[in-house]
Amino acid sequence: MNPVVVVLIYSTMTALATGLGALPFLFVNTMSTRAVSYANALAAGLMMGASFGLVAEGTGYGASQTVAGGVLGVLFILATQRWLGNHEVEFGGLRGAGARQMALMIVVMTVHSFSEGVAVGVSFGGGTALAAVITIAIAVHNIPEGLAISAVMRPRGQSVLKCAGWSIFSSLPQPLMAVPAFLLVETVRPVLPYGLGFAAGAMVFMVLVELLPEAYDQGPRPVVGALASGSIIGMVLFQHYL
Amino acid sequence: MDATLTVVLYSSLAAATAALGVLPLKSGRKPPLRMIGWANALASGLMMGVAYALISSGLDSGAPAAGVGAVLGIGFVYLTHRATGTLELELNRLDDPRPEYGYQVILLNALHAAHEGIAIGVAMSMSLSFGILMALALAIHNIPEATILGAVVMNRGLRLRNAALLAVAANVNQILLAVVTFALVSAAPSLLPWALGFAVGALLYLVLVELLPESYREAGHTSIALVTVVAMGMVVLLRDRAG
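Heads up: the sequence lines are chains A and B, in that order.
So the first sequence is numbered by the working numbering: it starts at 10 and just counts up by one.
So the second sequence is numbered by the working numbering: it starts at 43 and just counts up by one.
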C-alpha cells in the first residue's frame, strides 16, 4: 500500500480514538476529577516514554540536530499558547462563560493536535516499529483528551454524541499534519533528527506545561506521580520489545 | 584515580553542596520560593535526562530485569515514604508550627539522599562520566532542598551554621549508598540491570512525585516546564559529548 495512505489511516485512527473519551459519559453524568487526573498522568507518562524513544532515535542521526528540533518544538507550543492568549476565542452558537470555557477547551485541544500530527507523520519517517508505538501512544493519549473535553462539555448540557464529535474534531489536525510531515521526512532525510526532536520537544513540553500540572491539581500527588513513572517505564519497555 | 575514590569524591561533593543551600537564609531572610522552584526544575530536568540516558543505554544489559527493577524502585520509594508518614508531606509549608514537621522534613531529606546515593552508584558503574553527571544533577538538587530544610529548622531556633551542618548531615547516607551500590554492581555485574532499573524508578518517582509538583506551586507552570525541558536537552547533548 502507498505509505501516504498508511500514514493517513493510522493517524485518522488516532483521531477517532479521541471520540472514545466521550463513552464513559454514556454511563455517568458526571465524572470524578480524580479519574480525569489519573488519565492525564497516564497520558503524560506514555508521551514522555514515547519522547525518550524519539530522542534515542534522533540522537542516532545527530544529537545537536535533535536538540535543535526540540527547541523548535518547545517554541511552537509556546507560540501557540501565546497566540491563544492574545486572541478573543469565540465559539459559534454558544454564549456565556460556560460557552467560552467549552470553546477554549476545544481550541486548545485542537491546536495540540497539530504537533501530535507532526509527531505521527515524523515517526513514520523514523521507522515503522517506532511509528506503531507512537500511534498507540497518541491514540491512548487522545482518549483522556476526549475525556477532558467531554468532562467540560457534558456537564454543560451537551449530548454524548456532541462530546464525541467535538473530541474527534479536536484531533483532526493529526491526519492533516501527519501526511505533509511524513512527506517532508521521506524526501528530506537530513531533516529527520530535527523532526524527531521537534516531536519530542513538543510532546515533553506539553506534558510538562499542561498535563502534569493539571493532573497534580486534581489528584493525590503520590498516585499521579507513581502512575506517570510507571507508564514511562511501561512505554520504554514496550518500545524495546517492539 | 581509583574508581571507588571517584565515587566517594563526587558523592561527597554532592552532599557537601547542601551547605550552600542555607546561604540565602543569611540575616533572617525569607527563602526565595520562585528561585527554589526554578532550581528544583533544573534538578528535575537533569535527573529526568539522566534517567533517560540510563534506561536507553542500559536496557541491553537485560530488559526484563531493568523493568522489574524500575517497578521495584518506584514501589520501594513509595513504601519508604508511606512507612514514615511522609507520603504527602508538603516541603514548603514554612509556617507550619508543629514540632514534628521539622523532624519530618529532615527525615524526608535523608530518605531522598539514600535513593539518590543508589542512583549515583549505578550511574558510576555504567561509566564514570555518567556518574559525574548524575552527581552534578543531585548536587544541584541538594541546594534548594537544603534551603527549605534550613528555613524550617531556623524557624525552630537553629542557627545558620548548625542548619548548614544539619543539611549536609542529612545527605551523608548518599555517600555510603553510592559506594555500596558501586561496589556491589562492580563485584557482581549481573546485578547491573536490576540496580539500573531500580535507580531509574527511584529517580522518576522523586522527580514526578516530589520535585515537579512542588516546583509548579513555587513558580509558574510555563517557566518550570521551560527550565525542566532545557535541562533535559542539556543532558542529551552532554551524553553525546561524553560518548
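Ideal Cβ positions, reconstructed from N, Cα and C, are used throughout, including at glycine.
Would residue i and residue j be called neighbours here (beta carbons separated by less than 8 Å)?
{"i": "A:LEU221", "j": "A:ALA48", "result": "no"}
{"i": "B:ILE217", "j": "B:VAL50", "result": "yes"}
{"i": "A:VAL131", "j": "A:LEU205", "result": "yes"}
{"i": "B:VAL222", "j": "B:GLY163", "result": "yes"}
{"i": "A:ALA148", "j": "A:ALA26", "result": "yes"}
{"i": "A:TYR70", "j": "A:PRO202", "result": "yes"}
{"i": "B:ALA273", "j": "B:GLY63", "result": "no"}
{"i": "A:VAL188", "j": "A:VAL15", "result": "no"}
{"i": "B:VAL249", "j": "B:MET89", "result": "yes"}
{"i": "B:LEU101", "j": "B:THR128", "result": "no"}
{"i": "B:GLY111", "j": "B:ALA237", "result": "yes"}
{"i": "A:ILE241", "j": "B:LEU245", "result": "no"}
{"i": "A:THR75", "j": "A:SER180", "result": "no"}
{"i": "A:SER46", "j": "A:VAL233", "result": "yes"}
{"i": "B:VAL269", "j": "B:ALA83", "result": "yes"}
{"i": "A:GLY239", "j": "B:VAL113", "result": "yes"}
{"i": "B:ALA261", "j": "B:GLY115", "result": "no"}
{"i": "B:GLY144", "j": "B:ARG198", "result": "yes"}
{"i": "B:LEU200", "j": "B:LEU208", "result": "yes"}
{"i": "B:TYR52", "j": "B:ALA177", "result": "yes"}
{"i": "B:PHE224", "j": "B:MET166", "result": "yes"}
{"i": "B:ALA61", "j": "B:VAL210", "result": "yes"}
{"i": "B:THR46", "j": "B:ALA181", "result": "no"}
What three-state label does DSSP hand residue i in the structure shown?
{"i": "B:ALA261", "result": "coil"}
{"i": "A:GLY228", "result": "coil"}
{"i": "B:ALA230", "result": "coil"}
{"i": "A:ASN11", "result": "coil"}
{"i": "A:ALA31", "result": "coil"}
{"i": "B:MET43", "result": "coil"}
{"i": "A:PHE36", "result": "coil"}
{"i": "A:GLY101", "result": "Since pLDDT at A:GLY101 reaches only 40, below the 50 mark, its modelled position is unreliable, and the value read off the structure follows with that caveat. The answer is coil: DSSP assigns A:GLY101 none of H, G, I, E or B."}
{"i": "A:ARG91", "result": "helix"}
{"i": "A:HIS249", "result": "helix"}
{"i": "A:ILE242", "result": "helix"}
{"i": "A:GLN167", "result": "coil"}
{"i": "B:LEU200", "result": "coil"}
{"i": "B:ARG281", "result": "helix"}
{"i": "A:SER2", "result": "In the structure as shown, chain A begins at 10 and stops at 251. Residue 2 of chain A is therefore absent and cannot be evaluated."}
{"i": "B:LEU51", "result": "helix"}
{"i": "A:GLY54", "result": "helix"}
{"i": "A:MET215", "result": "helix"}
{"i": "A:GLY71", "result": "coil"}
{"i": "A:GLY210", "result": "helix"}
{"i": "B:GLY104", "result": "coil"}
{"i": "A:LEU181", "result": "coil"}
{"i": "B:PRO186", "result": "helix"}
{"i": "B:LYS72", "result": "coil"}
{"i": "A:MET22", "result": "helix"}
{"i": "B:VAL269", "result": "helix"}
{"i": "A:VAL233", "result": "helix"}
Consider the C-beta atom of residue i and the heavy atoms of the ligand GDP; say whether any pair is separated by less than 7 Å.
{"i": "A:GLU219", "result": "With respect to small molecules bound, the structure shown includes none, and the ligand GDP cannot be examined in it."}
Ignoring anything shorter than 4 residues or poking outside the segment 202-226 of chain B, list the alpha helix (DSSP H) runs there in chain order.
As far as the segment 202-226 of chain B is concerned, its whole alpha helix (DSSP H) runs of at least 4 residues are 202-212.
Taking the runs of the alpha helix (DSSP H) that are 4 residues or longer, which of them lie wholly in the segment 110-178 of chain B?
Unbroken alpha helix (DSSP H) runs of no fewer than 4 residues, entirely contained in the segment 110-178 of chain B, are found at 141-168, following chain order.
Proximal residues, the segment 71-91 of chain A versus chain B, C-beta separation under 8 Å:
Flagged, chain order: ALA72, SER73, THR75, VAL76, GLY79, VAL80, VAL83, LEU87, GLN90.
Which residues, in order along the segment 148-170 of chain B, keep a beta-carbon less than 7 Å from a beta-carbon of chain A?
Here the close residues number zero.
Under 9 Å (Cβ pairs) to chain A, residues found in the segment 221-240 of chain B:
Of all residues in the segment 221-240 of chain B, the ones placed with a Cβ closer than 9 Å to any Cβ belonging to chain A are GLY239, in chain order.
Under 8 Å, CB to CB, which of the residues in the segment 224-236 of chain A have a partner in chain B?
Going along the segment 224-236 of chain A in chain order, one finds TYR225, PRO229, ARG230, PRO231, VAL233, GLY234, ALA235 with a Cβ nearer than 8 Å to chain B.
Name the residues in the segment 256-271 of chain B whose C-beta lies less than 8 Å from a C-beta of chain A; which are they?
Listed by position along the chain: TYR258, HIS263, THR264, ILE266, ALA267, LEU268, THR270, VAL271.
Mind listing which residues of the segment 189-211 of chain A have their C-beta closer than 8 Å to chain B's C-betas, in chain order?
Residues passing the 8 Å Cβ filter: GLY210.
When Cβ atoms are compared, which residues of the segment 78-110 of chain B fall closer than 7 Å to chain A?
Contact residues of the segment 78-110 of chain B toward chain A are TYR94, ILE97, SER98, LEU101, ALA105, GLY109 (C-beta to C-beta distance below 7 Å).
Note down, in chain order, all residues in the segment 16-29 of chain A with a beta-carbon under 7 Å from any beta-carbon belonging to chain B.
Hits within the stretch: zero.
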